[in-house]
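Residue numbers (the UniProt record's numbering): 1 to 366. Even glycine gets a Cβ: it sits at the ideal position worked out from N, Cα and C. Quick notes on the structure that follows.
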Amino acid sequence: MAQIEGGAPSNDQNSQQNQQPPARERKKHMSDTVTDALKNLPQANKLRKNTEIEGRNMERALQRAKHQDRPLLHQDASDDESLLRNLPLLGGGTKRGREDDEQSGERKAAKRIREEIILQPGMSLPVVFHLSLHDLCRHKVYTPFFTCPNLEAINSNAATLPLIKLNAPVLGDKQPRVLDTSAFEQKYLKETDMDRGQWIAASRNYVSFIEVASGSDTSPESVHWNSHFGFFQFMEEAEINYRAILAMDITLCKKYLSLPFVFDTGFYVRELDKVTSGTYNPPNSGGRGSGSSGAPSDTYSGGGHGCGRGGPLFPTGSGGGAQVTVCLICAKRGHYWNHCPSTSFADNTPLSSRPKGNNISALQSG
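Structure, rendered in structure tokens:
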């Protein structure tokens with residue numbers, strides 16, 4: 001019977017409408033290269049890619065619902081994509097076998113074992129910079145101790161050296177703990193007590209440390225400190241003016257820590273003129289070590305360390321040259337009044353004044 005116009009559809013049309021398209025074969029990666037690349041993705045990339053896959057699978061589910069409702073109007077969606085496996089988050093790493101545990105233990109033991117070196121008579125041992133020094137550098141803490149004995153003390157006793165908490169870089173963050181530089185200097189060697197030989201060795205070690213920390217001997221910091229210490233070591237009358245040079249070195253090192261600046265010979269020469277003319281204002285004798293604790297160190301106490309301290313006296317009647325450093329307290333050459341270690345004049349008569357902070361204080365007679 002022919003269908004009446006506007007009436008219900010015939011049985012043939014109903015059968016065509018209900019007919020489902022043939023199931024499609026599931027697609028998968030046939031390339032081992034693609035599979036390996038997906039497996040080796042970093043964990044963060046896997047998480048991001050899984051989020052994208054879940055979004056596409058939701059679109060497929062919607063497309064399937066439309067196809068089920070109107071098969072002839074809407075195409076069926078492809079199969080869902082499989083999520084990338086992420087074993088650490090899915091707990092797959094918690095069920096390792098005994099063999100894996102043994103291999104892991106062997107790897108950890110191998111990391112703890114350090115390679116031995118062969119010592120030869122007269123051999124110069126390599127300088128080693130402990131992780132504590134890198135922590136101080138990373139947190140921008142002024143680090144004063146790079147003499148070889150100090151470095152050896154840190155490497156040998158780092159586990160028992162006192163630490164101190166720094167202010168958190170961001171409010172609410174955990175306060176970092178670093179080596180207490182002031183406590184270390186009190187026990188071992190203050191920067192202001194270094195003689196010239198110790199200072200030269202410390203400066204070379206510091207340049208080597210900066211090269212290691214920055215990863216290059218041509219980094220701006222490495223170039224700066226090479227030029228900085230080279231300027232002081234090879235200047236005229238460096239040994240005579242050592243104490244003033246040390247004070248200038250400490251000041252410029254602290255200034256660089258707060259605001260890095262390019263090495264400029266003209267600037268250093270002008271600062272050096274202030275040193276040699278006696279108009280340079282040295283820093284507090286607390287030295288570099290006050291950086292981590294914030295507590296001022298004891299004032300400089302002398303002690304008779306070698307180069308540039310307590311040099312020969314002026315010849316009688318000699319006024320000296322324009323570049324000579326003269327102590328205003330004991331009249332000896334080679335140091336400034338605020339670093340005077342003397343207890344008497346050259347003729348053994350008692351001193352009439354003494355350093356007191358940034359001033360000279362007269363001694364009471366009788």
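Given Asp79 as reference, the closest of Pro71, Asp69 and Glu54 once Cα atoms are compared: When Pro71, Asp69 and Glu54 are compared, the shortest CA-CA separation from Asp79 is found for Glu54.
Beta-carbon gap between Leu133 and Ile118 smaller than 8 Å: Against a cut-off of 8 Å, the Cβ pair of Ile118 and Leu133 comes out as no contact.
C-beta contact flag for Ala158 and His130 at 8 Å: The answer is yes: Cβ separation under 8 Å.
Beta-carbon contacts of Ser208 that lie in its chain and below 7 Å, excluding the five residues immediately before and after: Same-chain partners within the cutoff: Val127.
Beta carbon of Cys327 nearer than 8 Å to that of Leu351: No, they are not a contact pair.
Residue burial classification, Ser277 (beta-carbon count within 10 angstroms, cutoff 16): Sixteen is the threshold: since fewer than 16 other Cβ atoms of the shown chains lie within 10 Å of the Cβ of Ser277, the residue is exposed.
Any chain B beta carbon closer than 8 Å to Thr265: Structure shown: chain B not included; a single protein chain is present.
Option nearest Asn45 by Cα separation, candidates Met58, Arg70, Leu83 and Gln68: The option with the nearest alpha carbon to Asn45 is Leu83.
Start and end residues, alpha helix (DSSP H) containing Ile154: Here the alpha helix (DSSP H) through Ile154 covers Cys148 to Asn157.
Pro42 burial status per 10 Å Cβ neighbour count (16 or more: buried): Exposed: under 16 other Cβ atoms inside 10 Å.
Through-space distance from Ser214 to Pro176, alpha-carbon basis: Looking at the two C-alpha atoms, the distance is approximately 21 Å.
Whether Val275 touches Ile245 by CB criterion (8 Å): Closer than 8 Å, so yes.
Nearest candidate by alpha-carbon position, reference Asp180, set Tyr142, Asp264 and Thr33: Measuring from the Cα of Asp180, the nearest candidate turns out to be Tyr142.
DSSP state of Pro220 mapped onto helix, strand, coil: It is helical.
Exposure label - Glu185; buried when at least 16 CB within 10 Å: Classification of Glu185: buried, given that the 10 Å Cβ count is 16 or more.
Beta bridge counterpart(s) of Ser227 as assigned by DSSP: None; Ser227 has no bridge partner.
Bounding residues of the beta strand (DSSP E) (the contiguous stretch that carries Ser353): Ser353 -> beta strand (DSSP E) spans Ser353 to Lys356.
Inter-residue spacing [alpha-carbon to alpha-carbon] between Arg196 and Tyr242: Separation of Arg196 and Tyr242 (C-alpha to C-alpha, rounded to the nearest whole angstrom) is 7 Å.
Contact under 8 Å by Cβ, Asn205 with Leu151: Against a cut-off of 8 Å, the Cβ pair of Leu151 and Asn205 comes out as a contact.
Distance CB(Phe267)-CB(His228) smaller than 8 Å: Here Phe267 is not near His228, since their CB atoms are 8 Å or more apart.
Residue interval of the alpha helix (DSSP H) (run including Lys66): Segment Gln43 to Asp69, the alpha helix (DSSP H) holding Lys66.
For Arg177, the residue or residues it bridges with in DSSP: BP columns for Arg177 point to Lys165.
Residues that Pro350 bridges to, as DSSP identifies them: In the DSSP assignment, Pro350 forms a beta bridge with Ser344.
Between the CA atoms of Lys332 and Glu271 - distance to the nearest angstrom: Taking the straight line joining both Cα atoms gives about 23 Å.
Same chain, Cβ closer than 6 Å to Val34, neighbours up to 5 away in sequence not counted: Within the same chain, Val34 has no close Cβ partners at all.
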